[in-house]
Amino acid sequence: MSATKLSDLLPVAEGISDPHAYQVFGLDGGEQDGAKIKRAVTAVYAKLKSSKQDADPQVWKQAATLAQQAKAILADPRQRAELDARFGIVPVVSPPAGMPPVVPAGVPPTAASPAVSPPTGLPPTGLPPAAAPVADPLAGMLPPTDPMAAPAPSINPMSPVAPTQQLPPPSAGAPGAGAGAGVAGAGVAAAGIVRAASPSSPQVKVKKTKRRKKSGAGKLMFVVGMCALTALIAGLGVFMYLGRDIAISKDGKLVTQRQLPNAGPAAAQVRPTRQQRDPVMGNPAPRAEPPKTSTGLPMNQFSPPQDPMPGPMNPSLPSTNGDPVASEPIKGTDPDGPGMANPSMDNPAMDSPAMDNMPSQATMPAEVDQPAVNPDGALPVSPGTTSAPVQLTDADIAANEQEIQKVKKVIRDLNWTLMRSSAEKVTQRTLSDAQRIEADALYNLADLASYYRGGLQRGLGAIKATQDFEVTEGVRVLVVEVSPSSLTIKYNGRNRTYSVEEIPFRLAEKIASFAIDLTQPDGIASKAVFQAISPLSNEEYRKDSIEWLEMVDPDMPDVDTKEVAKQIKELF
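Numbering follows the numbering used here, in which position 182 of the sequence shown is assigned residue number 190; successive positions increment by one, without gaps.
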């Protein structure tokens, strides 16, 4: 297949897809030679017929269609005139016969040329004496009279004037050239066709652009986008502000309501009172209230010592109040029944030998009791004794002071294992009055702090992992892992692990409230002491703790909380 392009079948340049009629046949634009046009059409048709078998059917069909359309345009005078106008070719109307040519106003008429005699030795040219003037190609298009002749014979410089064909001047070597040019010009005018100097520019019609109505969809989308962005920012702000109340419950749901963990029956426990040491056996004996004397009045440090009651805890004691004589049955009584008379039921006479054999009051041994401490540091003598009071030596006081300082160091170091036991051992020593007050205050301090710490550990046992609770209003935490010695919570999306001593005060207070009642005086005092000696404490917390201890002092008769506050000031 040799012909695959339009230029292979038609004499057109490559790249031209829509040629005009003259280009289809390979002619110059505006060609007026009819014979030449006919030969070009015949050649193109012959080429199309010969290459039909080898050419691409689509390309050949397109070329044949263009050739047929171009032939029809060149054959139709009207269509050909329109095509020629594109190349600046306009027809000229010849004036009627016998009518003189119209000369434009202001243009001088052309005078007749004088006869020119040929040079010597040359034959005459055969031209008439005066050559005919060259007809103006635009004479037929001008009016017969000049409308501007009366005002002023002038020519508008802005009006286009078709140039006339200028004749070259005759040369000496070619006589009669001017006349020949004049004849040629006349022949062109007779043909009635003249070529313009330049093609006329087509008139362009300016189309008014219609103003499109602006759509409101853009503004609507902008408003919707701004509203969505504002809602997103507002939602983020609400989440940041209220996100602390959101946690994951056991079933995996987000929990926003405030619910406390079920602390169980351990929520209301009362701090046990200080155990009274048995002066005989040495083992601590529990007591629910302060001991009383035989008269029924409360016993203090200045009360006379009381005899321990015989019982299963004290099997080595006699059944009487320490009187060795009373342990023997009195003559005349039944040993199986104390105070019961013999079978004869007769009381002995006052002057009987039995009454004479009874020991006198002066010969009865004195009672052996545990003495208390006097303010002067000496051990007093029980009533009815004649021995001198025991005085504390400087070595004893120094030893006691050394033990007290050890207790203070244990409290500062937060050695919870030795804190309460070491303070209790000091209170069992023989102390002076000032040392007794200090030792009791240190013991109460260690006892209250240990009580609060024990409640905190019991509160940790009351909660479980994945359980959430509210610490304060608007603050919730989620329990991740819990043990008696540590706690891991999730707060604000982060896990935090604390030991018992490192738990923040507000969180520790909430956990301890699951096991002890912090509204009671002992709960308030224990919390104040624990926060005062905690490693997280500072001057402000200790000041508040001292104020709380001084405030609850009237409500705690068994504990001198003012002395405890004084010891806190000295320790820290």
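Where a beta carbon is used, it is the ideal one built from N, C-alpha and C, also for glycine.
Taking residue i and residue j to be in contact with their CB atoms under 8 Å, please state how far apart those CB atoms are, rounded to whole angstroms.
i	j	result
SER507	SER521	Not confirmed; about 19 Å, so no contact.
LEU56	ALA71	6 Å
ALA516	LEU464	6 Å
ALA523	ARG466	4 Å
ALA51	LEU17	Contact doesn't hold; Cβ gap of about 12 Å is too wide.
VAL487	THR474	7 Å
GLY38	ASP92	5 Å
Confirm, please, whether the CB-CB distance from residue j to residue i is below 8 Å.
i	j	result
LYS570	LEU579	no
ARG504	THR496	yes
ALA75	VAL32	yes
ARG428	GLU411	no
ALA587	LEU35	With the chain covering only 9 through 580, there is no way to say anything about residue 587.
ASP476	VAL485	yes
ALA454	ILE419	yes
GLU509	PRO562	no
LEU456	PRO492	no
Could you give the distance in angstroms between the alpha-carbon of residue i and the alpha-carbon of residue j?
i	j	result
PHE7	THR238	Only positions 9 to 580 of the chain appear in this structure, which leaves residue 7 out of reach.
THR480	LYS472	19 Å
LYS518	ILE541	19 Å
PRO565	TYR460	19 Å
GLN528	SER430	27 Å
TYR451	ASN500	41 Å
ILE1	LEU400	For the chain, the structure presents residues 9 to 580; residue 1 sits outside this window and is missing.
GLY96	GLY224	52 Å
ARG86	HIS28	15 Å
LYS46	LYS221	57 Å
LYS577	VAL246	45 Å
SER15	GLU22	6 Å
LYS60	THR12	11 Å
TRP424	SER458	7 Å
ALA447	ALA470	34 Å
PHE513	ASP525	16 Å
LEU439	GLU478	48 Å
ALA415	LYS498	Correcting the residue type first, residue 415 is Val in the shown sequence and not Ala. Cα-Cα distance, rounded: 38 Å.
LYS551	ASN408	29 Å
PRO19	ALA89	23 Å
VAL560	ASP404	35 Å
TRP68	ALA83	22 Å
GLU547	ALA242	41 Å
TYR236	ASP421	Residue identity differs from the one stated: residue 236 is Ala in this sequence, not Tyr. Between ALA236 and ASP421, the C-alpha separation is close to 58 Å.
GLY531	GLN575	19 Å
VAL567	LEU244	53 Å
SER58	ARG94	33 Å
TYR249	LEU240	14 Å
ILE445	VAL572	10 Å
SER10	PRO65	12 Å
THR73	GLN40	23 Å
GLY462	ASP402	39 Å
GLY226	TYR30	54 Å
ALA406	SER545	32 Å
LYS417	GLN443	16 Å
GLN413	TYR549	24 Å
LEU130	LYS44	Interpretation of LEU130 is limited by its pLDDT of 46, a score under 50 that renders its predicted location unreliable; no figure is taken from the coordinates.
Is residue i close to chain D, meaning its C-beta is less than 8 Å from at least one C-beta of that chain?
i	result
THR496	Among the chains in the structure shown there is no chain D, since it carries only a single protein chain.
Under 7 Å: does the beta carbon of residue i sit that close to some heavy atom of the ligand COA?
i	result
GLU90	Looking for the ligand COA in the displayed structure turns up nothing, as the structure carries no ligands at all.
Subject >> Three or more C-beta pairs below 8 Å linking the segment 546-563 and the segment 417-433 >> reply: Result no; under three Cβ-Cβ pairs closer than 8 Å.
**OP:** Please specify which runs of the alpha helix (DSSP H), each continuous and at least 4 residues long, are wholly inside the segment 412-437, giving them in chain order.
**Re:** Counting whole runs of 4 or more residues, the segment 412-437 contains the alpha helix (DSSP H) stretches 424-435.
Subject >> Completely contained alpha helix (DSSP H) runs for the segment 489-559, where each covers 4 or more residues >> reply: Correct list: 513-520, 529-541 and 547-559.
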